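Novice: Numbering (the working numbering), first residue to last: 1 to 279. Okay, here's the structure, questions in a sec.
Put into structure tokens, the structure is as follows:
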């Protein structure tokens, strides 16, 4: 039986565990994550292929939406992107209600997918990874944990997010930057109270608002708004971005996450017996 290791939880890690568990026969699937590190939890909407993914995994969409406090996403509302104060609504391929994504609580989604994964036989280890052992051909054959125990691996999915433990740090793959085209490199995330009466059947759009040095997203959930401001740090810093948001919405916010990034992709996302999925 092949030993498949998934590094990192979150949406990417737990979805990968469910896919491997369902479609890779004669495999033993183990997911390793550290509760001390946690997940990014900033992305809170999906594209219209997500319902098909749930269906393919045998997950009831209504149950998913209710338990993750989701709303039905039918498109994006681009606000002031032309600088004229007007809105441009982009619905998914003409906007039939049958074609939709979700706005969801990323942490609730991770917990939801984790529960199903464990029920279906995926093994789980809560520990930090401190290194890897490799065969002569470069394959990762063992994961070294913080207590110096090792976990055997035949194939590894690197879902470690911005940490990029294998494809980035171990294999040092070339990064192809898109910053020439996507001229932002930082973001702050925050929540706003949900004052509308939304439920799991509500049809909603992501509010994508043009700001002075980037754009702000507002994703409506049943219990709150998941929001953030992605900006270019050459022009403003976190404090100035926070102030700009507060001036726009007319109330004080609490930053729950801030991070820097270089938009792009690895030239090779699959190296030897390791594949990167997610951030």
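C-beta: ideal position from N, C-alpha, C; glycine also. Quick caveat: nothing in here was measured; it's all calculated off a predicted structure.
Output the residue ranges of the beta strand (DSSP E) runs that lie fully inside the stretch 63 to 121 and measure 3 residues or longer, sorted by chain position.
Specialist: Fully enclosed beta strand (DSSP E) runs of 3 or longer: 71 to 79, 87 to 91, 101 to 103.
Novice: So, residue 105 versus residue 174, is the Cβ gap smaller than 8 Å?
Specialist: In this structure, residue 174 does not lie closer than 8 Å to residue 105 by Cβ.
Novice: Are three or more beta carbon pairs between the stretch 253 to 263 and the stretch 116 to 129 nearer than 8 Å?
Specialist: Contact between the stretch 253 to 263 and the stretch 116 to 129 is absent, because fewer than three Cβ pairs lie under 8 Å.
Novice: From residue 81 to residue 158, what distance separates their C-alpha atoms?
Specialist: Their Cα atoms are separated by approximately 36 Å.
Novice: Could you name the residues that DSSP lists as bridge partners for residue 163?
Specialist: Looking at the DSSP assignment, residue 163 forms no beta bridge with any residue, so it has no partner.
Novice: May I have the straight-line CA-CA distance separating residue 131 from residue 274, to the nearest angstrom?
Specialist: Rounded to the nearest angstrom, the two C-alpha atoms are 14 Å apart.
Novice: With DSSP as the reference, label residue 31 as helix, strand or coil.
Specialist: Note: residue 31 maps to strand in three-state DSSP.
Novice: Using only CA atoms, which one of 208, 151, 136, 222 lies nearest to residue 231?
Specialist: Closest by alpha carbon: 208.
Novice: Taking residue 268 as the reference, give the member of 164, 239, 84, 77 with the closest Cα.
Specialist: Comparing Cα positions, the closest option is 164.
Novice: Determine the extent of the beta strand (DSSP E) in which residue 192 is found, giving its start and end residues.
Specialist: It spans 186 to 193 - the beta strand (DSSP E) in which residue 192 sits, taken as one unbroken run.
Novice: Going by other Cβ atoms of all chains shown within 10 Å of its Cβ, with 16 needed for buried, is residue 220 buried or exposed?
Specialist: Label assigned to residue 220: buried.
Novice: Within 8 Å, do at least three Cβ pairs link the stretch 55 to 74 to the stretch 24 to 35?
Specialist: Contact between the stretch 24 to 35 and the stretch 55 to 74 is absent, because fewer than three Cβ pairs lie under 8 Å.
Novice: Pull up the distance between the alpha-carbon of residue 25 and that of residue 19, whole angstroms please.
Specialist: Their Cα atoms are separated by approximately 11 Å.
Novice: Tell me the DSSP secondary structure of residue 248 in three-state form.
Specialist: Note: residue 248 maps to helix in three-state DSSP.
Novice: Please classify residue 254: does DSSP put it in a helix, a strand, or coil?
Specialist: Three-state result, residue 254: coil.
Novice: Measure how close the beta-carbons of residue 3 and residue 223 come, nearest whole angstrom, since I'm counting them as under 8 Å.
Specialist: Actually they do not touch by this definition, with Cβ atoms about 39 Å apart.
Novice: Going by C-alpha to C-alpha distance, which of 191, 201, 140, 162 sits closest to residue 216?
Specialist: Per the Cα distances, 191.
Novice: Measuring straight from C-alpha to C-alpha, what distance separates residue 245 and residue 229?
Specialist: In a straight line, the C-alpha of residue 245 is about 8 Å away from that of residue 229.
Novice: Express the C-alpha separation of residue 56 and residue 100 in angstroms, rounding to a whole number.
Specialist: Distance between the alpha carbons of residue 100 and residue 56 is about 16 Å.
Novice: Should the stretch 137 to 156 be regarded as contacting the stretch 172 to 188, the criterion being three or more beta carbon pairs within less than 8 Å?
Specialist: Flag = no, the stretch 137 to 156 and the stretch 172 to 188 do not touch.
Novice: Run the CB neighbour count on residue 75, radius 10 Å, all protein chains shown included, and call it buried at 16 or more, exposed below.
Specialist: It is buried - the Cβ of residue 75 has at least 16 other Cβ atoms within 10 Å.
Novice: Quick check on the burial criterion: 16 or more other C-beta atoms within 10 angstroms. Buried or exposed for residue 239?
Specialist: Exposed.
Novice: Tell me the DSSP secondary structure of residue 196 in three-state form.
Specialist: Note: residue 196 maps to coil in three-state DSSP.
Novice: Between residue 27 and residue 71, what straight-line distance do the alpha-carbon atoms span, to the nearest angstrom?
Specialist: In a straight line, the C-alpha of residue 27 is about 35 Å away from that of residue 71.
Novice: Locate the alpha helix (DSSP H) running through residue 16, then write down its first and last residues.
Specialist: From DSSP, the alpha helix (DSSP H) with residue 16 extends over 10 to 23.
Novice: Using only the alpha-carbon positions, how far apart do residue 210 and residue 227 sit?
Specialist: About 13 Å.
Novice: Grouping DSSP H, G and I as helix and E and B as strand, with all else coil, what is residue 269?
Specialist: Here residue 269 sits in coil by DSSP.
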